[in-house]
Amino acid sequence: MKFFVDTADVTEIREMAETGLLDGVTTNPSLILKSGRDVREVITEICGLTDGPVSAEVVALEASAMIAEGRELAKIARNIAIKLPMTWDGLKACKTLTGEGHMVNVTLCFSANQALLAAKAGATFISPFIGRLDDLGVDGMELIAEIRAIYDNYDFETEILAASIRSADHVKQSAIAGADVATVPPAVLKSLVNHALTDKGLQQFMDDWAKTGQKIL
Ligand code: G3P
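With my numbering, the residue at position 24 of the sequence shown is 32, and numbering never jumps.
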């Protein structure tokens, strides 16, 4: 499973990139707002921190304007994935932009039929929003499993990018359901390493090692 980080905070992205475990980045207009930075400037900087896909979202709502914005964003760097909303205009723009060789991430997916449409439009990534479904009392993870089954039935190459992830359990369940990618907030990504027994065991090893009086280097 690939790990993307869901943020426009370059300090957090740099820190995750240094682990060697980061496969890409996703941003959206809300995350750009949160960063307080100019979109072009921050996306350019992010593209320099990872070789993986960096999703940058269009804000037009009509297909030809989305295509123009997408082409403009794609000029920033070769690893831009143009993020388009799940609408008919977004799907039309997806078909055109992927036809030109651009990576496209279709976002705001809340149903398996939407994911089917995105795959037919040639999307590189489909972003089902798990947390926002859970917020409504709907099992977001079931959506990932449904999309996995549909894509496997027809050998669609669109990658399932589990988004709106809020917890370590969401990451685990997405992996079990067969998502290709999870885009995760930095704090949740960092928390994946945590286990009380790891901390306890390490402390024990350190204490016992100190008692040996030995050195490795
Ligand atoms: O990138 C979109 C997505 O991950 C949003 O997550 O927590 O705002 O629902 P959230």
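The beta-carbon is built from N, C-alpha and C at its ideal position, and this holds for glycine as well. Treat the numbers as computed from the prediction; the structure is a model and nothing was measured.
Quick check: what's the CA-CA separation for residue i versus residue j?
{"i": "Thr-106", "j": "Thr-115", "result": "15 Å"}
{"i": "Ile-134", "j": "Asn-113", "result": "6 Å"}
{"i": "Ala-204", "j": "Glu-108", "result": "49 Å"}
{"i": "Leu-69", "j": "Glu-80", "result": "15 Å"}
{"i": "Val-62", "j": "Cys-102", "result": "16 Å"}
{"i": "Glu-150", "j": "Thr-52", "result": "35 Å"}
{"i": "Asp-160", "j": "Glu-154", "result": "10 Å"}
{"i": "Phe-8", "j": "Phe-213", "result": "For the chain, the structure presents residues 9 to 225; residue 8 sits outside this window and is missing."}
{"i": "Thr-206", "j": "Trp-217", "result": "16 Å"}
Of all the CB atoms in chain C, is at least one closer than 8 Å to the CB of residue i?
{"i": "Thr-52", "result": "In the displayed structure, chain C is absent; only one protein chain is listed."}
Comparing alpha-carbon positions, which option in the options lies nearest residue i?
{"i": "Asp-14", "options": "Asp-31, Glu-23, Thr-35, Ala-85", "result": "Thr-35"}
{"i": "Asp-142", "options": "Lys-91, Ala-131, Ala-171, Phe-164", "result": "Ala-171"}
{"i": "Ile-75", "options": "Asn-87, Gly-60, Gly-56, Gly-98", "result": "Gly-98"}
{"i": "Arg-156", "options": "Gly-186, Phe-137, Lys-91", "result": "Gly-186"}
{"i": "Gly-28", "options": "Arg-48, Leu-57, Val-47, Leu-92", "result": "Leu-57"}
{"i": "Gly-130", "options": "Val-47, Lys-83, Ile-90, Arg-86", "result": "Ile-90"}
Please state if the CB of residue j and the CB of residue i are separated by a distance shorter than 8 Å.
{"i": "Gly-148", "j": "His-110", "result": "no"}
{"i": "Ile-152", "j": "Ile-173", "result": "no"}
{"i": "Val-201", "j": "Val-192", "result": "no"}
{"i": "Val-258", "j": "Ser-182", "result": "Only positions 9 to 225 of the chain appear in the structure, and residue 258 is not among them; the question remains open."}
{"i": "Thr-166", "j": "Ala-127", "result": "yes"}
{"i": "Ala-123", "j": "Ile-88", "result": "no"}
Going by beta carbon distance, what residues of the same chain come within less than 6 Å of residue i, once the five residues before and after it are set aside?
{"i": "Ala-16", "result": "Thr-35, Leu-39, Ile-40, Ser-43, Val-50"}
Which ranges would you report for the alpha helix (DSSP H) in the stretch 111-170 if only whole runs of at least 4 residues count?
120-128, 138-143, 148-162
Whole beta strand (DSSP E) runs in the stretch 54-94 with 3 or more residues, listed along the chain?
62-65, 88-93
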